[in-house]
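Novice:
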Amino acid sequence: MTLKQGKNHLTYRVESVHMEIQLERRLEALGLTEGSLITILNNDKKGSLTAKFRGTRFALGRRIADHITVTEVKLP
Numbered sequence: 006m007t008l009k010q011g012k013n014h015l016t017y018r019v020e021s022v023h024m025e026i027q028l029e030r031r032l033e034a035l036g037l038t039e040g041s042l043i044t045i046l047n048n049d050k051k052g053s054l055t056a057k058f059r060g061t062r063f064a065l066g067r068r069i070a071d072h073i074t075v076t077e078v079k080l081p
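So for the sequence shown, my numbering puts the first residue at 6; every next one is plus one.
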């Protein structure tokens, strides 16, 4: 599934990021790499998606979120 399809307050593991190389490198510099955990804070289908990874909150555009493949992680 893509990050864009994710639900609020759930945590996902990034499987892959497929977009223009410059944008992919920028996300890597921010800490969004394969294997990292990302929690969706707000994905109400209007405007950008708000997520938290590496201890920081980020707003990601829907086009970007549609190119990030994730799997849900069950936290204890």
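Glycine included, every Cβ here is placed at the ideal spot set by N, Cα and C.
None of the values given here were measured: they were computed from a predicted structure.
For K12, does the three-state DSSP call read helix, strand or coil?
Specialist: Coil.
Novice: Would you kindly report the start and end of the unbroken beta strand (DSSP E) that includes E77?
Specialist: 73-77 is the extent of the beta strand (DSSP E) around E77.
Novice: Ordered along the chain, which non-local residues of its own chain (more than five positions away) have a Cβ less than 8 Å from that of V75?
Specialist: Result list for V75: M6, T7, L8, G11, Y17, R18, V19, E20, I43, in chain order.
Novice: Does DSSP put L32 in a helix, in a strand, or in coil?
Specialist: Correct three-state label for L32: helix.
Novice: Any idea what DSSP makes of R59, helix, strand or coil?
Specialist: In this structure, R59 counts as coil in the three-state DSSP scheme.
Novice: Give the straight-line distance between the Cα atoms of G52 and E77, rounded to the nearest whole angstrom.
Specialist: Computed Cα separation, rounded: 23 Å.
Novice: Please check the pair L5 and L37, which I expect to be a contact at CB under 8 Å, by giving their CB distance rounded to whole angstroms.
Specialist: Residue 5 lies beyond the range of the chain shown here (6 to 81); nothing can be said about it.
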